[in-house]
Amino acid sequence: MSKEERNITWQQSSLSRQEREIHNGHRSRTLWFTGLSGAGKSSLAFALEQHLHEQGVRCYVLDGDNVRHGLNRDLGFTAEDRQENLRRIGEVAKLMVDAGLLVLSAFISPHAQDRKMVRDLFEPEDFIEIYVQCSIEECERRDPKGLYKKARSGDIPHFTGISAPYEVPEEPSLIIDTEQLSLHEAVQEIVRYLELTGALQLPLAPTTSHI
Ligand SMILES: Nc1ncnc2c1ncn2[C@@H]1O[C@H](COP(=O)(O)OP(=O)(O)OP(=O)(O)O)[C@@H](O)[C@H]1O
Ligand SMILES: [Mg+2]
Numbered sequence: 003m004s005k006e007e008r009n010i011t012w013q014q015s016s017l018s019r020q021e022r023e024i025h026n027g028h029r030s031r032t033l034w035f036t037g038l039s040g041a042g043k044s045s046l047a048f049a050l051e052q053h054l055h056e057q058g059v060r061c062y063v064l065d066g067d068n069v070r071h072g073l074n075r076d077l078g079f080t081a082e083d084r085q086e087n088l089r090r091i092g093e094v095a096k097l098m099v100d101a102g103l104l105v106l107s108a109f110i111s112p113h114a115q116d117r118k119m120v121r122d123l124f125e126p127e128d129f130i131e132i133y134v135q136c137s138i139e140e141c142e143r144r145d146p147k148g149l150y151k152k153a154r155s156g157d158i159p160h161f162t163g164i165s166a167p168y169e170v171p172e173e174p175s176l177i178i179d180t181e182q183l184s185l186h187e188a189v190q191e192i193v194r195y196l197e198l199t200g201a202l203q204l205p206l207a208p209t210t211s212h213i
């Protein structure tokens, strides 16, 4: 059904995203961390959040586990549910970008097609895909939540890397190899990228007045 058929009209705020960005002192973006379970997405996203927060950046982590506690508690791990999971997260991240925030999204997001679906919700410069690279052997060795052990014994179906595929990003904005970089080095690398691409700078003053 189209938006017209559903009687849905976009309601326009009198505040622009740019005004919110100026208020915050930086641009808004979505950083999309993708990688195997245990690769370090959450560790990296929360460490980066802490660092950016200390620099006065308004940011927030959308984390796979946390989102499944509430918003997406009705979804499982089949390909369809993973897709719907990411669609909802993508829409939430988009609202948060409109709110002027730097969003750090940490989801395995194993399917290239689903990542593209999310990417397509954003303007190109607003979506930064970060491939958190780590071999399956190392992820399984780390096994921070004991999930690989359970997956190997058949207790978790559709487990990425074991019984479900992970499609490596072909052209991520950034690759962070957590077998090579320490958490601190990885945070520095991402901050450098954000600085280079102007994400941490003030946007230009708005040209339109709402008065
Ligand atoms: N350089 C590194 N960067 C990030 N994590 C690292 C690094 N070296 C070791 N680790 C460890 O790897 C583990 C990564 O676990 P984490 O929960 O962050 O993974 P994840 O990608 O979020 O997994 P999941 O998809 O299951 O949520 C942690 O125990 C962390 O301490
Ligand atoms: Mg995680």
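Residue 18 in the working numbering sits at position 16 of the sequence shown, with consecutive numbering throughout.
C-beta: ideal position from N, C-alpha, C; glycine also.
Residue i, enclosing alpha helix (DSSP H) - first and last residue
{"i": "F79", "result": "Careful: F79 lies outside any alpha helix (DSSP H) and carries neither H nor E."}
{"i": "D116", "result": "114 to 121"}
{"i": "R217", "result": "The chain is shown from 3 up to 213; residue 217 falls before or after that span and cannot be answered."}
{"i": "L50", "result": "43 to 56"}
{"i": "R22", "result": "19 to 26"}
{"i": "E6", "result": "Element bounds for E6: n/a, residue is neither H nor E."}
{"i": "E197", "result": "185 to 198"}
Residue range of the unbroken beta strand (DSSP E) whose run includes residue i
{"i": "Q214", "result": "No answer is possible for residue 214: it lies beyond the span of the chain, which begins at 3 and ends at 213."}
{"i": "I177", "result": "176 to 179"}
Beta-carbon gap between residue i and residue j smaller than 8 Å
{"i": "R143", "j": "L103", "result": "no"}
{"i": "L97", "j": "L33", "result": "no"}
{"i": "I158", "j": "F35", "result": "no"}
{"i": "N68", "j": "R90", "result": "no"}
{"i": "V134", "j": "L204", "result": "no"}
{"i": "A214", "j": "H71", "result": "An answer regarding residue 214 cannot be provided, because it is not within the stretch 3 to 213 covered by the chain."}
{"i": "F109", "j": "G40", "result": "no"}
{"i": "V120", "j": "S30", "result": "no"}
{"i": "A101", "j": "R194", "result": "no"}
DSSP bridge partner residues for residue i (one or two, in chain order)
{"i": "V63", "result": "L106"}
{"i": "W34", "result": "S107, E131"}
{"i": "A101", "result": "Beta-bridge pairing links A101 to no other residue."}
{"i": "T162", "result": "A166"}
Contacts around residue i, its chain only, beta-carbon distance under 6 Å, and the 5 residues preceding and following it disregarded
{"i": "G163", "result": "L38, I138"}
{"i": "Y168", "result": "L38, P112, T162"}
Cutoff 7 Å; reference residue i; Cβ partners in own chain excluding five residues on either side
{"i": "A95", "result": "T32, L64, V105, S107"}
{"i": "G58", "result": "G27"}
Sequence-distant residues of its chain with Cβ nearer than 8 Å to residue i (five each side left out)
{"i": "Q182", "result": "none"}
Using 8 Å as the cut-off, can you tell me whether the region 136 to 155 makes contact with the region 110 to 119, which would need three or more C-beta pairs spanning the two stretches below that distance? no
Margin query: Taking contact to mean 3 or more Cβ pairs, one atom from each stretch, closer than 8 Å, check whether the region 179 to 189 and the region 48 to 57 are in contact.
Written below: yes
Checklist entry - Is the region 145 to 161 touching the region 169 to 182, taking contact as three or more C-beta pairs under 8 Å? => result no
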